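In terms of the working numbering, the sequence shown opens at residue 45 and continues consecutively.
See structure below.
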Amino acid sequence: MVLPLLVAVSALTGLASCMAAVEKASTIPEGWQKLQQAPDANNPLLMSFALRQPNIDGLSDAIVQGRHLSQEDAWAMRQPDAEDVKTVERWLASSGISETKCEDDWVHVRTTVGEAEKLLGMKMERYSFQGQPPVIRTTEYFLPDALSKAITFVHPIANFMTPEHDVAATRPMTTLMQKRDDESLSAECQRAIRPRCILDQYSINYTVPDGRSPSRFAVAGFLDQFANYKDTADFLAKTMQGSIPGSYNFTVRDINGGQNSQDPAKAGSEANLDMQYAMAIGYPTQLTYYSTGGRGVKINDSGEPFPEESSDNEPYLQMVQYMLSLPDDKVPHVISMSYADDELSVPRPYAERVCGLMGMLTARGTSIIVASGDGGARGGRNSSCRTNDGSKKDITMATFPGSCPWVTSVGATTNQAVPQGAYFSTGGFSQWFRQPPWQKEAVETYVRDHLKGYLHGYYNPGMRALPDISAVGTQFSTIVGGVPVALDGTSASAPVFAAIIALVNDARLRRGKRALGWLNARLYSPEVRRVLSDTMGGTSKGCIFGGKEQGWPAAKGWDAITGLGTPGKFDDFLRVMLAR
Numbered sequence: 045m046v047l048p049l050l051v052a053v054s055a056l057t058g059l060a061s062c063m064a065a066v067e068k069a070s071t072i073p074e075g076w077q078k079l080q081q082a083p084d085a086n087n088p089l090l091m092s093f094a095l096r097q098p099n100i101d102g103l104s105d106a107i108v109q110g111r112h113l114s115q116e117d118a119w120a121m122r123q124p125d126a127e128d129v130k131t132v133e134r135w136l137a138s139s140g141i142s143e144t145k146c147e148d149d150w151v152h153v154r155t156t157v158g159e160a161e162k163l164l165g166m167k168m169e170r171y172s173f174q175g176q177p178p179v180i181r182t183t184e185y186f187l188p189d190a191l192s193k194a195i196t197f198v199h200p201i202a203n204f205m206t207p208e209h210d211v212a213a214t215r216p217m218t219t220l221m222q223k224r225d226d227e228s229l230s231a232e233c234q235r236a237i238r239p240r241c242i243l244d245q246y247s248i249n250y251t252v253p254d255g256r257s258p259s260r261f262a263v264a265g266f267l268d269q270f271a272n273y274k275d276t277a278d279f280l281a282k283t284m285q286g287s288i289p290g291s292y293n294f295t296v297r298d299i300n301g302g303q304n305s306q307d308p309a310k311a312g313s314e315a316n317l318d319m320q321y322a323m324a325i326g327y328p329t330q331l332t333y334y335s336t337g338g339r340g341v342k343i344n345d346s347g348e349p350f351p352e353e354s355s356d357n358e359p360y361l362q363m364v365q366y367m368l369s370l371p372d373d374k375v376p377h378v379i380s381m382s383y384a385d386d387e388l389s390v391p392r393p394y395a396e397r398v399c400g401l402m403g404m405l406t407a408r409g410t411s412i413i414v415a416s417g418d419g420g421a422r423g424g425r426n427s428s429c430r431t432n433d434g435s436k437k438d439i440t441m442a443t444f445p446g447s448c449p450w451v452t453s454v455g456a457t458t459n460q461a462v463p464q465g466a467y468f469s470t471g472g473f474s475q476w477f478r479q480p481p482w483q484k485e486a487v488e489t490y491v492r493d494h495l496k497g498y499l500h501g502y503y504n505p506g507m508r509a510l511p512d513i514s515a516v517g518t519q520f521s522t523i524v525g526g527v528p529v530a531l532d533g534t535s536a537s538a539p540v541f542a543a544i545i546a547l548v549n550d551a552r553l554r555r556g557k558r559a560l561g562w563l564n565a566r567l568y569s570p571e572v573r574r575v576l577s578d579t580m581g582g583t584s585k586g587c588i589f590g591g592k593e594q595g596w597p598a599a600k601g602w603d604a605i606t607g608l609g610t611p612g613k614f615d616d617f618l619r620v621m622l623a624r
């Protein structure tokens, strides 16, 4: 048995002359800068090899057909080929890499910058995003041709993600807005949104026979965004006036070293916004805030892990893998995620892997609701509206993970008497994910009948379009660190729509039905579209093309600022979502 192994190792060690580029960035994304001082070759380096998933082909059919997978079914789809694992481990060993660990569909490696450069034929440099502490990255790396089918990509050595995390706007409030004696609820809600405004706008009057719910509702938290218990209790007491019992609360779970600080000075505006409205609209569902620490391998120029407070990226991968590891009776029925990256700032192989895992999670019965972003046609607010492949072609920018077809992307509308698409609401067309058939007719109508050549050449009409749907997202009253503030953003819209889905799941589960899981094909169906409220006014923030700002216009039917519109009356929405 020794001879075949020696032959295999010998073959693998001679592959240096047969190398192929896996990832290549001709230009680094906007906001990043290469530093002059190169990393020391002896700096420790952690990296992870994503292995091929040979059984993943059946995932799309399972999702579209509405089959719910068990934890074991999902793992079987992720499982790498055993021979691929052996081949990669032999190659690493023959290259002098001894510190390796195989975990699920990954092989994790601890080595040095110098050894990694030799292994992958790359040059690593130190990069900084907008003056933040540096990370060690490369713009191009190579793998032996013989391993190109076994390894999908290497993480995070070519990752230049530059996400937006702040809400679109924050304004101080002298007090949490209360209704004036001589003022109608509608007039009050045009000054500032409180939970009762949303309950009234969407006619939500959902009651249950008791205060217990079978519906599991998760809110994703990243980057030391801490949800504060006291702020949330004060908010509910002041805005819901006894409609929700004081005993109703949320649970915090940590992922990948996430924390749960209750220091008022560390209360997160994003986290508090999400939890305060998720609880107010989603009562009595089971709320859990998942506090997720760092993303992948973030190291400083000494090769040590980045301090968590210095991290600038949200850890989608760790969060989704954690959710997939949960048993069937613990996996959430709906997840609200208020974070987005410019799609082209996310390495494509990474995005495709994360999208596949998100699809797997929806196939387990989880609806994934994500904010579309706050840059209009610019994607995120740092976008230059250009490609990063060296051509610097002018384009409109979509966001990830909203561009993944297995998640539901949520845009924002205003809190006016007649809602319009919010100026900041991100929409557009993916550069990577093809347009799914359930979206084709609605999007083609918008392009043909409403755009009529407008923005032609700045997007690909045959790609996945976003957002899918919208909810109100302006002038949200919140409490952060004991202080009333007003917030805008699709990060307000996402938990509102997610809470509505959580209530639908409550009703379905009480009737012995399954949780909804993947939503998108159902949302685009004629029966659901009939009960949505179309939003036909407004134009989004745009890119500057030809010296003129050009954003997405709202229109009848689907559009690239509000999607299909807003949920309409809850009872009508609930009725059609209970029908099958």
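Glycine is no exception: its CB is placed at the ideal position from the N, C-alpha and C atoms.
Keep in mind that this is a model prediction, so the values were computed, not measured.
What's the gap between the Cα of Asn-15 and the Cα of Ala-85?
Residue 15 lies beyond the range of the chain shown here (45 to 624); nothing can be said about it.
For Pro-570, the first and last residue of its enclosing alpha helix (DSSP H):
570-573
State the DSSP-derived secondary structure class of Leu-89, mapped to helix, strand or coil.
strand
With which residues is Gly-607 paired in a DSSP beta bridge?
Asp-603
Between which two residues does the beta strand (DSSP E) containing Gln-475 stretch?
472-478
Using the beta-carbon count (16 or more within 10 Å), is Thr-295 buried or exposed?
exposed
Looking only at C-alpha atoms, which of Glu-387, Glu-396 and Gly-326 sits nearest to Gly-472?
Glu-387
Do Trp-602 and Thr-489 count as a contact pair if the criterion is CB distance below 9 angstroms?
yes
Cut-off 7 angstroms between Cβ atoms - residues of its own chain near Ala-559, not counting five sequence neighbours on either side
His-377, Gly-409, Asn-549, Arg-552 and Leu-553
Look up Asp-125 in the DSSP assignment and say whether it is helix, strand or coil.
coil
According to the Cβ coordinates, are Gln-698 and Gly-590 closer than 9 angstroms?
With the chain covering 45 to 624 only, the question about residue 698 has no answer from this structure.
Hey, Ile-35 and Pro-88 are a contact pair by Cβ (cut 8 angstroms); roughly how many whole angstroms apart?
Residue 35 is absent from the structure shown; the chain starts at 45 and stops at 624.
Nearest-angstrom Cα distance between Glu-161 and Ala-407?
39 angstroms
In whole angstroms, give me the CA-to-CA distance for Ile-605 and Asp-189.
43 angstroms
N-terminal and C-terminal residue of the alpha helix (DSSP H) that Val-527 is part of:
From DSSP, Val-527 is part of no alpha helix (DSSP H) but of the beta strand (DSSP E) over 527-532.
Please report how far the alpha carbon of Pro-200 lies from the alpha carbon of Phe-614, in whole angstroms.
43 angstroms
For Arg-624 and Val-263, I'd like the C-alpha separation in whole angstroms.
26 angstroms
CB of Met-284 within 9 angstroms of CB of Arg-240, strictly
yes
Considering Cα atoms alone, identify which of Leu-608, Thr-182 and Ala-137 is closest to Leu-576.
Leu-608
Three-state class that DSSP yields for Gln-594 in the structure shown
strand
Using a threshold of 9 angstroms, state whether the C-beta atoms of Phe-173 and Gln-77 are closer than that.
yes
In the DSSP assignment, find the unbroken beta strand (DSSP E) run with Phe-188 in it and report its ends.
It should be noted that the sequence gives Pro, not Phe, for residue 188. Here the beta strand (DSSP E) through Pro-188 covers 184-188.
Alpha helix (DSSP H) containing Val-487: first to last residue?
481-489
Start and end residues, beta strand (DSSP E) containing Tyr-334
330-336
Return the Cβ separation of Ala-510 and Ala-442 in integer angstroms, given the expectation that the two are a contact with Cβ distance under 8 angstroms.
In the sequence on display, residue 510 carries Leu and not Ala. Sure, about 6 angstroms apart at Cβ, within 8 angstroms.
Quick check: the Cα distance between Ala-236 and Phe-520, rounded to an integer number of angstroms?
6 angstroms
Taking buried to mean at least 16 other C-beta atoms within 10 Å of its own C-beta, is Val-153 buried or exposed?
buried
Tell me, to the nearest whole angstrom, how far the beta carbon of Ala-515 is from that of Phe-477; I am working on the premise that it is less than 8 angstroms.
Not confirmed; about 23 angstroms, so no contact.
Taking the runs of the beta strand (DSSP E) that are 3 residues or longer, which of them lie wholly in the segment 417-458?
452-457
If you draw a straight line from the alpha carbon of Gln-594 to that of Asn-504, how long is it in whole angstroms?
16 angstroms
Quick one: using the 10 Å Cβ neighbour count with 16 as the cut-off for buried, is Glu-127 buried or exposed?
exposed
Per DSSP, what kind of secondary structure is Trp-562 in: helix, strand or coil?
coil
For Asp-149, count neighbouring C-beta atoms within 10 Å of its own C-beta (all shown protein chains included) and say buried if the count is 16 or more, exposed if not.
buried
Please look up how many angstroms separate the CB atoms of Val-414 and Pro-371, rounded, as I've assumed it's under 8 angstroms.
Not quite, the Cβ-Cβ distance comes to about 24 angstroms (not below 8 angstroms), so this is no contact.
Exposed or buried, Ile-588, counting other C-beta atoms within 10 Å across all chains shown (16 or more means buried)?
exposed
If you measure between the beta carbons of Val-375 and Leu-405, is that distance less than 9 angstroms?
yes
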